[in-house]
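Working notes for the structure below.
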Amino acid sequence: MKGCEGLTEQVFANSIDHMKNLEVINLLSCFANDETVAHIAQGSPHLQYLCLSNCPQVTDRSLISLSQVVKC
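Under this note's numbering, the residue at position 27 of the sequence shown is numbered 32, and the numbers go up by one with no gaps.
Written out as structure tokens, the structure reads:
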């Protein structure tokens, strides 16, 4: 999804439930925000890598969402 600036939060919210087996998500330069990351964190139990580079709408809240579901 790298560089897909036109994707909205609604697209992620509606799609993530159908992508439970994703292990890698690259959102480089996408319109991702804290709500997007929260949906990904809750809906992607197999996620191993998430790139949020150049996503200025992502804040510390995203790290909190991810830390609540990460299994070490």
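Glycine included, each C-beta is placed from N, C-alpha and C at the ideal position. None of the values given here were measured: they were computed from a predicted structure.
For Ala37, same chain residues with a beta-carbon under 7 Å away, outside a window of 5 residues either side, are Leu57, Cys60, Gln62 and Val63 in chain order.
If you check the CB distance, Tyr54 and Asn31 come in under 9 Å. Cβ-Cβ distances below 6 Å link Asp39 to Thr64, Arg66 and Ser67 in the same chain, with the five nearest sequence neighbours on each side left out; the list follows chain order. Here the alpha carbon of Thr41 sits roughly 6 Å from the alpha carbon of Glu14. Secondary-structure assignment with DSSP links Leu55 through a beta bridge to Ile30.
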